[in-house]
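Take the sequence shown: its letters are residues 6 to 176, numbered as in our numbering. Backbone N, C-alpha and C fix where the C-beta goes; we use that ideal spot for every residue, glycine too.
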Amino acid sequence: QKYGIKEVFTPRTQQVNRREIISKFKQIFGEINPKTSKFAKEDASRKELKQNQLIKEGIKPYFSEILKMWLERARKKKIITLQIRRIVDQNLDTKCKFCEGRFGLRCELINNIEILFENFLKETGYDFESYAPVEWMKYVKRNAHFRTICLNCAEEFEENNKIHNQRQPFF
């Protein structure tokens, strides 16, 4: 029976057979040192080359830093959103809050998740690197507001937002 890599390296098999897997990789690749990388010098030179390429293309280094900051923000937002996804789904009601429809329902977090997370960090004294996801989920259960909305109402809201945003002057 043939097994694909996904069947062999499931989280459970990785944990159960960790030592055996590491020893097999050592036989193939030699001694493994997790703190160093054969490619560390290459990575640094690639990073420098990429920075130089961005400058040549007219992208200023400060703009590159802003892009990195936004990318980091998006990564953090994705992490905290995934951690509370089940809580949001558990708050799904049986009908739409606006039209009372029962088809195509989804639950949404009304609060801005970034502001909610910032408040959580302030109240608990954690920082992003050391916070406890379980505590974050408990905080969301206590402080977040949810709404159930159907697909038709969601589309209508999106259309209204597009029209409203088109009328707003950009300053």
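Separation of residue j from residue i, as counted between CA atoms
i: Gly106; j: Glu160; result: 14 Å
i: Lys100; j: Asp132; result: 38 Å
i: Ser135; j: Glu123; result: 14 Å
i: His150; j: Ser28; result: 50 Å
i: Ile168; j: Cys112; result: 24 Å
i: Glu164; j: Lys31; result: 57 Å
i: Thr129; j: Asn148; result: 13 Å
i: Arg78; j: Asn157; result: 31 Å
i: Val84; j: Asp98; result: It is worth fixing the name first, because residue 84 is Ile in this sequence and not Val. One C-alpha to the other measures close to 25 Å.
i: Asn116; j: Phe68; result: 30 Å
i: Lys73; j: Arg80; result: 11 Å
i: Leu76; j: Glu25; result: 37 Å
i: Arg23; j: Ala137; result: 26 Å
i: Arg90; j: Lys82; result: 12 Å
i: Lys127; j: Lys143; result: 15 Å
i: Cys185; j: Asn166; result: Because the chain is modelled from 6 through 176, residue 185 falls outside the range shown and cannot be assessed.
Residue(s) in a DSSP beta bridge with residue i
i: Glu163; result: DSSP, once it has assigned bridges, lists no residue as partnering Glu163.
i: Phe151; result: Leu114
Reduced DSSP category for residue i - H, G, I as helix; E, B as strand; rest coil
i: Cys158; result: helix
i: Glu140; result: helix
i: Glu25; result: helix
i: Arg78; result: helix
i: Arg107; result: coil
i: Phe133; result: coil
i: Lys100; result: coil
Cβ-Cβ separation, residue j to residue i (assumed contact under 8 Å), whole Å
i: Ile120; j: Thr86; result: Their Cβ separation, rounded to whole angstroms, is 13 Å, which puts Ile120 and Thr86 out of contact at 8 Å.
i: Thr153; j: Leu114; result: The Cβ separation is near 12 Å, so there is no contact.
i: Trp141; j: Gln95; result: Incorrect: roughly 15 Å between the Cβ atoms, too far for contact.
i: Lys146; j: Ile71; result: Not a contact, Cβ separation roughly 35 Å.
Buried versus exposed call for residue i [16 or more other C-beta atoms within 10 Å across all chains shown]
i: Val21; result: exposed
i: Val139; result: exposed
i: Cys104; result: exposed
i: Phe162; result: exposed
i: Phe108; result: exposed
i: Phe125; result: buried
i: Phe44; result: Because the pLDDT at Phe44 is just 49, under 50, the model does not fix this residue reliably, and the value given afterwards should be weighed accordingly. That one is exposed.
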